[in-house]
Amino acid sequence: MEKPIVFVVSDSVGETAELVVKAALSQFNLEAPFALQRVPYVESTSILEETIKQANERPSIIAFTMVNPDFRAFLTNEAKKHGIPCIDLMGPLMDAMENMFHQKPKLQPGLVHRLDEDYFRRIEAIEFAVRYDDGRDPRGISRADIVLIGVSRTSKTPLSQYLAHKRLKVANVPIVPEVEPPRELFQVDPAKCIGLRISPEKLNNIRKERLKALGLGDQASYANIDRINHELEHFDKIVERIGCRVIDVSNKAVEETANSILTVRNQQD
Numbered sequence: 503m504e505k506p507i508v509f510v511v512s513d514s515v516g517e518t519a520e521l522v523v524k525a526a527l528s529q530f531n532l533e534a535p536f537a538l539q540r541v542p543y544v545e546s547t548s549i550l551e552e553t554i555k556q557a558n559e560r561p562s563i564i565a566f567t568m569v570n571p572d573f574r575a576f577l578t579n580e581a582k583k584h585g586i587p588c589i590d591l592m593g594p595l596m597d598a599m600e601n602m603f604h605q606k607p608k609l610q611p612g613l614v615h616r617l618d619e620d621y622f623r624r625i626e627a628i629e630f631a632v633r634y635d636d637g638r639d640p641r642g643i644s645r646a647d648i649v650l651i652g653v654s655r656t657s658k659t660p661l662s663q664y665l666a667h668k669r670l671k672v673a674n675v676p677i678v679p680e681v682e683p684p685r686e687l688f689q690v691d692p693a694k695c696i697g698l699r700i701s702p703e704k705l706n707n708i709r710k711e712r713l714k715a716l717g718l719g720d721q722a723s724y725a726n727i728d729r730i731n732h733e734l735e736h737f738d739k740i741v742e743r744i745g746c747r748v749i750d751v752s753n754k755a756v757e758e759t760a761n762s763i764l765t766v767r768n769q770q771d
């Protein structure tokens, strides 16, 4: 006798149905082996007919997730004719939701996987922002969707993370007079680069508060106005050399700056 089989039928990938089937099977201590066969991307009744034919040749169960009501009805009726157990894993729930929400379902296969892809793109962008934060690895410059350039305390890191949640891969590069910027910064498309300009007074206040938070005196050169002016002059030379767009972040929240960056990006697309 052939081992029993569970046919997992779907008009998309079939992962959802397979997970439910495996969850149910895990509740049984099965001594005899069983088979599980996925039938994905159903686009015609001929595929369903072939599945019924195979299921009729051995002990079988059919479990399916299909949004097309015609396919659901066809498979259910054909399985009933041949006495094959056939379970609609998603249809009854969709019917209940249709009654609850008073709206028709979209009936588009694979939407959940599109959402998953969106989620994974966002996670990938967040990991990218962490990996290429603060000029840690200049190789990220060529791979980034956006490259942020600015002196210390111009919100490069929070901006990178905020934009990552928009599924954009962002690298950021600190500009320090004593350190030559990575050569990759002058090789990448200038349209990908955004300079973050800030007024000396605003930066001076931010850095003083930062030093206080660290328990340090605000007389350090980090918060010295002459030093700040020197850094900003150097920044201006670098962005002019790159030829990139510059956004003034002096009085902007991270969200406002991010929206300005997105506007610039949309204008370029």
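Residue numbers for the sequence shown follow my numbering, beginning at 503 and rising by one.
Even for Gly, the Cβ is constructed at its ideal location relative to N, Cα and C.
Residue j beta carbon less than 9 Å from that of residue i
i, j, result
"isoleucine 677", "proline 683", "yes"
"leucine 527", "phenylalanine 536", "yes"
"glycine 652", "leucine 687", "no"
"leucine 609", "asparagine 579", "no"
Inter-residue spacing [alpha-carbon to alpha-carbon] between residue i and residue j
i, j, result
"methionine 602", "alanine 525", "27 Å"
"glycine 516", "aspartate 639", "40 Å"
"asparagine 706", "arginine 645", "33 Å"
"methionine 596", "aspartate 513", "15 Å"
"asparagine 726", "tyrosine 621", "43 Å"
"proline 542", "valine 511", "6 Å"
"alanine 598", "asparagine 768", "41 Å"
"glutamine 770", "tyrosine 634", "24 Å"
"lysine 555", "threonine 547", "12 Å"
"isoleucine 586", "alanine 557", "7 Å"
"alanine 575", "methionine 568", "10 Å"
"glutamate 619", "valine 632", "20 Å"
"cysteine 751", "glutamate 757", "Here the sequence assigns valine to residue 751, which means cysteine is not the residue at that position. Their backbone Cα atoms lie some 11 Å apart in a straight line."
"glutamine 721", "leucine 613", "57 Å"
Chain-order list of residues whose beta-carbon lies under 6 Å from that of residue i (same chain, five-residue window excluded)
i, result
"isoleucine 763", "Ile696"
"alanine 693", "Gln770"
Proximal residues to residue i (C-beta, below 8 Å), its chain only, five neighbours per side dropped
i, result
"proline 702", "Ile727, Ile730, Asn731, Leu734"
"lysine 606", "Glu600"
"threonine 553", "Phe509, Val511, Val541, Ile564, Leu577"
Cutoff 7 Å; reference residue i; Cβ partners in own chain excluding five residues on either side
i, result
"glutamate 466", "No statement about residue 466 is possible, as the shown extent of the chain runs from 503 to 771 and does not include it."
"serine 723", "Arg729"
- Message: Three or more C-beta pairs under 8 Å: does that hold for the stretch 649-663 against the stretch 731-745?
- Response: Yes, they touch.
- Message: List, from N- to C-terminal side, the alpha helix (DSSP H) runs of 4 residues or more that fit wholly inside the stretch 536-575.
- Response: Along the length of the stretch 536-575, whole alpha helix (DSSP H) runs at least 4 residues long occupy 547-557, reported in chain order.
- Query: Does the stretch 664-673 come close enough to the stretch 702-720 to have 3 or more Cβ pairs within less than 8 Å?
  - Reply: No: the two stretches stay apart, fewer than three of their Cβ pairs being nearer than 8 Å.
- Query: Which runs of the beta strand (DSSP E), 3 residues or longer, sit entirely within the stretch 689-714?
  - Reply: Entirely contained in the stretch 689-714, the beta strand (DSSP E) runs reaching 3 residues are, in chain order, 695-699.
- Tell me the start and end of each unbroken alpha helix (DSSP H) in the stretch 627-685 that is at least 4 residues and wholly inside, in chain order. Counting whole runs of 4 or more residues, the stretch 627-685 contains the alpha helix (DSSP H) stretches 641-645, 658-666.
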